[in-house]
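147 is the number of the first residue of the sequence shown in this note's numbering; add one for each residue after it.
Presented below is the structure to which this report refers.
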Amino acid sequence: MKHLKSLIYILIAATLMLSCQTGPKTEEEASVGEPKANLDAEEKKELQEKQAKLGGSYSQLRKLYTEKRFNELLTEASKILSKDEYDLRALSILGLYHMDRREFGAARIFFEKALEKHKNEAGLYNNIGVIFIQEGNLESGLVSFKKAYEIDSANPVTQANLGSIYVKYMDYSEAEPLVADSFSRLSGNTIVANNYAIILRTQGQLEEAEKIYKKSLEKDPRSISTNLNYAILLIEYMKKYQQAQQIVNKIEFLNPTDKYVQAKVRELQRKVSTAK
């Protein structure tokens, strides 16, 4: 049982998703985006001046973040924050920027500052929850994810992250509706697929769980967590030792560095050898 909990922890700590809820666009924001192609030179100049006066472009923030043009991103965010130090989008994007760099303390500062004026933004609580998980503070992560879920229970990212915590604690009755709902909309995400397969396994739906692992591995064949969970299903539940041998050999080839994974692979190899 302890091994299973450790395995699931590997999954959620490594691949928890980040959400950045920013609310609907305002009328002013919609009017000051990038210059449209059908504007003449004078109209473009007027629009650009209006954008500069506002202090930055929300659409530009997302574009710069997506394209990893971080120096420009920081400049653009600074323009917006010079006009409103509590701007939700600018603070959120800066928080995500620091999370990408694993600067969790800096990221938390931006998210918590945004919360001072935007207390009902589920994405902020979700992202702070991710930081807690990365720092090894599972209980505080659970509190943050619960708060995010209270605000927006329909958000599949919030459902997936909260469901992941319940799976880690093996509280499958609480996890099942969250994981199932998130899987219906995020089936292509590895962590969601892994958790849903675990839920199906606990319900005795072994063939359905196997289908999910196979489909997930088609998209990401080098995922150590998916391969390991699939091998556990095949060996410990379905007794498909010959098929499992190939998966275990593959994991060894991928050369995992996590000590628990290494120990679990050795255990699975012994079980396969004993069964032959």
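For each residue, glycine too, the CB sits at the ideal point set by N, CA and C.
Predicted model only: the values in this text are computed from it and were never measured.
inquiry  = My output table needs one value for residue 99: the three-state DSSP class, helix, strand or coil.
reply    = Nothing can be reported for residue 99: it is not among the residues displayed for the chain, which extend from 147 to 422.
Option in 377, 272, 308, 385 with minimal Cα separation from residue 398 = Here the closest residue by C-alpha is 377.
query = Buried or exposed: which applies to residue 256, given that a residue is buried once 16 or more other Cβ atoms fall within 10 Å of its Cβ?
reply = Buried, since its Cβ has 16 or more Cβ neighbours within 10 Å.
query = Which first and last residues belong to the alpha helix (DSSP H) in which residue 343 is found?
reply = Taken as a continuous stretch (DSSP letters only), the alpha helix (DSSP H) holding residue 343 covers 336–348.
query = Who are the near neighbours of residue 230 in its chain, counting only those whose CB is closer than 6 Å to its CB and skipping five residues on each side?
reply = Answer for residue 230: no residue qualifies.
request  = In the DSSP assignment, find the alpha helix (DSSP H) that holds residue 245 and state where it starts and stops.
outcome  = Residue 245: member of the alpha helix (DSSP H) spanning 234–246, first to last residue.
request  = In the DSSP assignment, find the alpha helix (DSSP H) that holds residue 268 and state where it starts and stops.
outcome  = For residue 268, the enclosing alpha helix (DSSP H) begins and ends at 268–280.
query = Exposed or buried, what is residue 375 when buried is set at 16 or more other beta-carbons lying within 10 Å of its beta-carbon?
reply = Residue 375 is buried by the Cβ-count criterion.
query = How is the alpha helix (DSSP H) around residue 351 delimited, first residue to last?
reply = From DSSP, residue 351 is part of no alpha helix (DSSP H); its letter is neither H nor E.
query = First and last residue of the alpha helix (DSSP H) that includes residue 381?
reply = No alpha helix (DSSP H) holds residue 381; DSSP gives it neither H nor E.
query = Does the Cβ-Cβ distance between residue 381 and residue 407 come in under 8 Å?
reply = No, Cβ-Cβ distance for residue 381 and residue 407 is not below 8 Å.
task = Would you tell me roughly how many angstroms separate the C-alpha atoms of residue 351 and residue 372, rounded to the nearest one?
result = In a straight line, the C-alpha of residue 351 is about 17 Å away from that of residue 372.
ask   = Could you give the residue range of the alpha helix (DSSP H) that holds residue 307?
value = For residue 307, the uninterrupted alpha helix (DSSP H) segment begins and ends at 302–314.
key: Option in 349, 356, 360 with minimal Cα separation from residue 498   = An answer regarding residue 498 cannot be provided, because it is not within the stretch 147 to 422 covered by the chain.
inquiry  = Does residue 421 pass the burial test, meaning 16 or more other C-beta atoms within 10 Å, or should it be called exposed?
reply    = With fewer than 16 other Cβ atoms from the protein chains shown falling within 10 Å of its own Cβ, residue 421 counts as exposed.
inquiry  = Considering only heavy atoms of the ligand MG, does any lie closer than 7 Å to the CB of residue 299?
reply    = In terms of ligand content, the structure shown is empty, and the ligand MG therefore cannot be addressed.
message = Rounded to whole angstroms, what is the Cα-Cα separation between residue 332 and residue 395?
response = Straight across, the Cα-Cα distance linking residue 332 with residue 395 is about 29 Å.
query = For residue 253 versus residue 237, is the C-beta distance shorter than 8 Å?
reply = Cβ atoms of residue 253 and residue 237: not closer than 8 Å.
ask   = What residues in its chain sit with their C-beta under 8 Å from that of residue 365, if we drop five residues either side in the sequence?
value = Taken in chain order, the residues that qualify are 334, 336.
ask   = Is the distance from the Cβ of residue 240 to the Cβ of residue 268 below 8 Å?
value = No.
task = Please go through the same chain and pick out, in chain order, the residues whose beta-carbon is closer than 8 Å to the beta-carbon of residue 216, but skip the five residues on each side of it.
result = Cβ within range, chain order: 210, 243.
request  = Could you check if residue 323 is buried or exposed, using at least 16 other CB atoms within 10 Å of its CB as the buried criterion?
outcome  = Label assigned to residue 323: exposed.
request  = Evaluate residue 316 with the Cβ neighbour count: other Cβ atoms within 10 Å of its Cβ, from every protein chain shown; 16 or more gives buried, anything less gives exposed.
outcome  = Exposed.
inquiry  = For residue 362 and residue 228, I'd like the C-alpha separation in whole angstroms.
reply    = Their Cα atoms are separated by approximately 44 Å.
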